[in-house]
Amino acid sequence: MSLSEELSKVYDIFHTTAPPALTVPVRDATSSIKAAFDPSKAIQPGHQFPSFSLDDANHHTVTSESLLSKGPLLITFYRGSWCPFCNLTLRAYQQHLQAFRKRGVQFVAITPELPDTSISSVEKQELEYPVLSDVGCKLARQLGIVWAQPDTMRPIFDHLGVDWDKDYGNGASERLEVPIPATILVGKDSVVMETFIEANYHERLDPEIALSWLDKHQL
1 MSLSEELSKV
11 YDIFHTTAPP
21 ALTVPVRDAT
31 SSIKAAFDPS
41 KAIQPGHQFP
51 SFSLDDANHH
61 TVTSESLLSK
71 GPLLITFYRG
81 SWCPFCNLTL
91 RAYQQHLQAF
101 RKRGVQFVAI
111 TPELPDTSIS
121 SVEKQELEYP
131 VLSDVGCKLA
141 RQLGIVWAQP
151 DTMRPIFDHL
161 GVDWDKDYGN
171 GASERLEVPI
181 PATILVGKDS
191 VVMETFIEAN
201 YHERLDPEIA
211 LSWLDKHQL
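Each residue of the sequence shown is one higher than the one before, counting from 1 in full-length UniProt numbering.
Take a look at the structure:
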């Protein structure tokens, strides 16, 4: 089963089995961000990707320069460990990790969660690639892919047991900011080669399509 098929299955199960108190706010919030998000204002192919210095799940600092010195960089932004769609995506890219590495491409995932929170995703999913913490969505903001979720989503996070200030940093509960799911291919020269940025939270880029990007650019 492809990643897209898995995501659609989870989405359908949630919206057919969960109570309206959970599904209605999620559906309304999704409609809102889809209507408000302007993809043309997000980072585009041909743009320079901003340099970054972020901590991984083990509190080791990782820089864009160190990653790009090894080859092109494939980055996926995800919302958090509470998100089943994010977890399926992380797992799918782990399953294709060797295919990317054989092509000389570095893969990293970036989340606004603190390292002490993201470590749980690394351990549970047995991830062998860096998971970096973009606390406060500072890098995501430079890319134009930040979404401040509406207050109507707060009961959902209460139901999921998400402690925003503990998991994302002090003050995070005031904003409920997450990145719009995105996967971006960056060349060794820091120029963006391809982007997938989707406001519809349950749609993600299949690893197979990311691999086809490499074919397109002869990587």
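In this text, a Cβ means the ideal position worked out from N, Cα and C, and glycines have one as well.
Starting from the C-beta of V192, find all residues in its chain whose C-beta is less than 8 Å away, skip the five residues before and the five after it, and write them out in chain order. I43, Q44, P45, G46, H47, Q48, F49, I184, L185, V186
If we count the other Cβ atoms within 10 Å of its Cβ and call it buried at 16 or more, is E194 buried or exposed? With at least 16 other beta carbons inside 10 angstroms of its own, E194 counts as buried.
By DSSP, does I145 sit in helix, in strand, or in coil? coil
What are the residues that DSSP puts in a beta bridge with F77? I110, A182
Cα-Cα, which of V108, W164, T152 is closest to L54? V108
Secondary structure at V105, three-state DSSP: helix, strand or coil? Coil.
Looking only at its chain, what residues have a beta carbon closer than 6 Å to the beta carbon of P115, apart from the 5 residues adjacent to it on each side? D55, A57, H59, S133
If you run the structure through DSSP and keep just helix, strand and coil, what is I13? helix
For the putative contact between Q94 and Q125, defined by C-beta atoms under 8 Å, what is the C-beta separation to the nearest angstrom? 6 Å
Beta-bridge partners of Q98, as assigned by DSSP: According to DSSP, which records beta bridges pairwise, Q98 is partnered with nothing at all.
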